[in-house]
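One point on numbering: in full-length UniProt numbering, the residue at position 137 of the sequence shown is 137, and numbering is uninterrupted. Here the structure is laid out as structure tokens; the discussion comes afterwards.
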Amino acid sequence: MNLTDLNSIGGGSPTTGVVDAIAQTMVGEWMFKYVRRRKSFGVPETNGKDDNSNDRHKRWVWLAPYERAILWSSKQPNSGSALMGKAGRKLTIQSVLDVKDDNPTPKGGATLFNRSILILTPQRALKFTAVSADRHYIWLTALSFLAHSQQAVPEIITAPPPPKTVLPDFEMPQPKRKTGIRDSIRLTK
């Protein structure tokens, strides 16, 4: 996937669409995260239900793009250290899927978009649902870029590389040292 492909998801110019999506997702927002089923001694606790939970709870979700990580917490972070992942859970993004989601809205929750974002990480899979189609595609744009791109996270303005100075093959003459007063005095016995 390249920036042009991602642009078709988010709209706008390729770099601006991805940069805007990453900037918005770095700040974070409330989303609905699916609850994973716990396993007791390696055996899932199904109680007659399927392995996929339909239970969701509200979580503050944000991205750490330079670490290619997604973070979430039950509380909205309000300090720099919390935003950097000191509070909350963090997993590295490997792959992202846009999946249809016809599960009912959580009790007391607002209406949600009918698609969810499935994020595969080295540890496990995460599934989040955004509150609107617009927010869903902004998150999908940012997450897809982080998962599929080998490029560095785009900067709004990138500095050009410093010019290389070519050193000649010959040796430069050593600068002449000024002789100090001590050198001008002759010591006699």
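Even for Gly, the Cβ is constructed at its ideal location relative to N, Cα and C. These numbers were taken from a predicted model, which means no experiment stands behind them.
Run of the alpha helix (DSSP H) containing residue 137, from where it starts to where it stops:
133-148
Buried/exposed call for residue 30, threshold 16 Cβ in 10 Å
exposed
DSSP on residue 64, reduced to helix/strand/coil?
strand
Helix, strand or coil for residue 92 per DSSP?
strand
Measuring CB to CB, does residue 114 end up less than 8 Å from residue 54?
no
Limits of the unbroken beta strand (DSSP E) element including residue 121
Premise fails: residue 121 is in no beta strand (DSSP E) and is neither H nor E.
Identity of the residue in 27, 107 and 145 nearest residue 79 by Cα:
27
Are the Cβ atoms of residue 65 and residue 126 separated by less than 8 Å?
no
Buried versus exposed, by CB contacts within 10 Å (16 or more), residue 96:
buried
Using beta-carbon positions only, say whether residue 25 and residue 138 come within less than 8 Å of one another.
yes
Within the same chain, show all residues whose beta-carbon is closer than 7 Å to that of residue 101, passing over the 5 residues directly before and after it, in chain order.
114, 115, 116 and 129
C-beta contact flag for residue 58 and residue 71 at 8 Å:
no
If I follow the unbroken beta strand (DSSP E) through residue 32, where does it start and stop?
29-34
Would you call residue 144 buried or exposed, if buried means 16 or more other Cβ atoms sit within 10 Å of its Cβ?
buried
Going by other Cβ atoms of all chains shown within 10 Å of its Cβ, with 16 needed for buried, is residue 33 buried or exposed?
buried
For residue 124, does the count of other Cβ atoms within 10 angstroms reach 16, so buried, or fall short, so exposed?
exposed
In terms of residues, what are the limits of the beta strand (DSSP E) holding residue 112?
Element bounds for residue 112: n/a, residue is neither H nor E.
I need the boundaries of the beta strand (DSSP E) containing residue 190, first residue and last residue.
The first residue shown for the chain is 1 and the last is 189, placing residue 190 beyond what the model contains.
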